[in-house]
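For the sequence shown, this note's numbering begins at 9 and goes up steadily by one. A quick write-up on the structure given underneath.
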Amino acid sequence: MPHTELSFSESIKDDIASWSVASKCAIVNACWPHLHSLSHNFDEQEYSAFFEILGRILKNLSPARNFKIQNLNDLIKATDFLVANRQQTKGALVAEFIGQSGDAKEEDVVRMIELVARVQVGINICSQGMSTGRQTSRDTPVEWPPDKTLPEVIATFFENKKRRAISSDEIFDPSFTAAKLKGICHLHIRWTDNLVDHLKLDGRPGDRILSIYRHKLFLTNHRHLNSPNIIPTKVLDEAMRTLALLFPSGDSKTISLLKKEKIPDWSIVPSEISREMALDDFEYWRGDLARLLDLKRGPPETIAQTLLDTRDFSQFATLWIAILGVFLITVIFGTLSTVYAIKQYQMAVKSYDLSLATACQQLPQLPGFCPLNAPPI
9 MPHTELSFSE SIKDDIASWS VASKCAIVNA CWPHLHSLSH NFDEQEYSAF
59 FEILGRILKN LSPARNFKIQ NLNDLIKATD FLVANRQQTK GALVAEFIGQ
109 SGDAKEEDVV RMIELVARVQ VGINICSQGM STGRQTSRDT PVEWPPDKTL
159 PEVIATFFEN KKRRAISSDE IFDPSFTAAK LKGICHLHIR WTDNLVDHLK
209 LDGRPGDRIL SIYRHKLFLT NHRHLNSPNI IPTKVLDEAM RTLALLFPSG
259 DSKTISLLKK EKIPDWSIVP SEISREMALD DFEYWRGDLA RLLDLKRGPP
309 ETIAQTLLDT RDFSQFATLW IAILGVFLIT VIFGTLSTVY AIKQYQMAVK
359 SYDLSLATAC QQLPQLPGFC PLNAPPI
């Protein structure tokens with residue numbers, strides 16, 4: 009079914025909302041051909057986050073740049089082309105596409121391929137000097153050299169991340185969840201669409217920001233993509249295990265957090281991954297998890313966190329008893345000081361009156377102080 013009537017515009021998010029079920033189903037099938045989604049049973053709500061990302065990426069395209077994608081049909085064809093030829097280098101992909109289209113400019117094709125890659129793999133593929141529009145400064149870009157395939161680029165990135173991890177015998181306790189980390193360490197959660205930023209910790213002490221990849225459904229879809237996969241299977245499995253660790257199924261606080269953060273699709277994605285409890289069970293995200301573990305076990309980073317830290321209840325109780333004790337002593341001494349100050353004031357007034365009366369007895373004509381007929385003392 010052709011889709012050329014759907015041209016992209018500045019109101020692309022509204023455009024996507026108005027797409028037919030068949031059109032939405034077509035682009036999902038282009039990204040994950042093994043799904044074989046059909047219009048009559050396609051769940052639009054399940055892929056709402058995907059279309060939100062797609063709309064944001066297309067809306068951010070710079071109007072001054074030319075792209076070889078002008079409508080949904082172009083996007084579907086480009087996605088089919090990338091997925092089918094994912095074992096080719098970027099240079100070979102560009103050359104083949106130019107050969108097929110005849111009149112395409114190389115820069116336009118490069119932008120098209122990188123844009124489609126960002127949509128398809130959920131990673132910010134963005135080569136230097138070849139922008140596909142406005143970028144979020146917090147999103148880590150991944151360079152795609154012309155002589156590398158997309159799977160090679162992604163695998164290399166995560167292998168480098170893996171090599172930086174240090175072996176550890178640490179064990180996670182059941183309280184190591186995103187909900188508890190948010191409550192104890194007062195973390196701000198930033199939901200990211202960029203898998204390479206998953207579990208990245210930013211910010212100053214006391215104002216930490218934890219990035220969490222929010223598309224568990226995408227990981228599942230990529231996991232079942234026909235081999236060879238664009239994202240290494242071990243990376244996909246570990247990413248899902250980190251989510252299982254931080255968001256345990258059936259945990260009431262986790263359910264409340266996801267509901268509050270409006271992450272609806274996790275409740276309908278079946279969990280196929282067990283909740284690992286040892287740090288060494290992780291390779292690619294071991295360093296990130298170790299930092300979170302240190303933050304959870306470490307001392308509070310601000311005075312406010314110290315006052316609200318309930319990890320050691322006896323210490324928490326001792327601190328607040330001491331604070332309340334100091335407060336009560338301060339109130340008592342303040343009250344006593346006020347009472348004695350009032351009494352001192354009253355005594356001073358009486359002493360003044362007595363001194364004035366004595367002076368008037370001795371000098372009855374003291375102007376401004378003594379009445380004309382001052383009574384004797």
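Glycine included, C-beta positions come from ideal geometry on N, C-alpha and C.
Residue i burial status per 10 Å Cβ neighbour count (16 or more: buried)
i    : result
G130 : buried
D361 : exposed
Q78  : exposed
Q128 : buried
D205 : buried
H230 : buried
F166 : buried
F255 : buried
S345 : exposed
D201 : buried
H223 : buried
A34  : buried
I337 : exposed
M242 : The amino acid occupying residue 242 in the given sequence is Lys; Met does not appear at that position. That one is exposed.
A30  : exposed
I161 : Sequence check: residue 161 is Val here, not Ile. Buried is the call here.
D296 : buried
D82  : buried
I84  : buried
K32  : buried
F58  : buried
Y221 : buried
Residue i at chain B interface by Cβ criterion, 8 Å
i    : result
R249 : The question asks about chain B, but that chain is absent: this structure has only one protein chain.
Reference residue i, options the options, closest by Cα
i    : options                   : result
W293 : F255, H230, E178 and K170 : K170
N237 : F166, E291, Q95 and T346  : Q95
D289 : I192, R249, I24 and S260  : R249
P182 : Q108, A252 and T241       : A252
G306 : K85, L46, L332 and C193   : C193
L300 : Q354, I271, D177 and L207 : L207
K261 : D201, Q352 and K188       : K188
L90  : M120, D111 and H232       : M120
K98  : F105, T157, G295 and A112 : T157
L265 : H42, I197, I239 and F335  : I197
E391 : V36, G63, R64 and L66     : It is not possible to answer for residue 391, since the shown part of the chain is limited to 9 through 385.
W152 : P213, Y221, L123 and S359 : L123
P149 : I133, D155 and V161       : I133
I263 : V339, T185, L218 and D177 : T185
I179 : E52, R146 and D302        : D302
S28  : L46, F226 and L195        : L46
P154 : A103, N168, K190 and S175 : A103
S219 : G211, E52 and G333        : G211
S175 : A286, I329, G63 and H42   : A286
D88  : A57, V117 and W40         : W40
A386 : L233, E284, K267 and K268 : Outside the displayed span of the chain (9 to 385) sits residue 386, for which this structure offers no information.
N168 : F341, I65 and E291        : E291
G214 : L225, F226, T228 and G191 : G191
S8   : C378, G342 and L66        : With the chain covering only 9 through 385, there is no way to say anything about residue 8.
For residue i, the residue or residues it bridges with in DSSP
i    : result
R198 : S219
V150 : I133
A466 : Absent from the model: residue 466. The displayed extent of the chain is 9 to 385, so no value can be given.
L209 : L218
T97  : T157
Per-residue DSSP class, three states only, for residue i
i    : result
T185 : coil
N406 : Lying outside 9 to 385, the shown extent of the chain, residue 406 is not represented and no answer is given.
I238 : coil
S45  : coil
G107 : helix
M9   : Because the pLDDT of M9 is 44, which lies under 50, any placement of that residue in the model is unreliable, and the question is left without a value.
S114 : According to the sequence displayed, residue 114 carries Glu and not Ser. Helix, per DSSP.
R119 : helix
R231 : helix
F255 : coil
K270 : coil
L301 : helix
F50  : coil
R64  : helix
S363 : helix
L265 : helix
A173 : coil
S56  : helix
Heavy atom of the ligand GTP within 7 Å of residue i beta-carbon
i    : result
Q369 : Within the structure as shown, the ligand GTP is missing, as the structure has no ligands at all.
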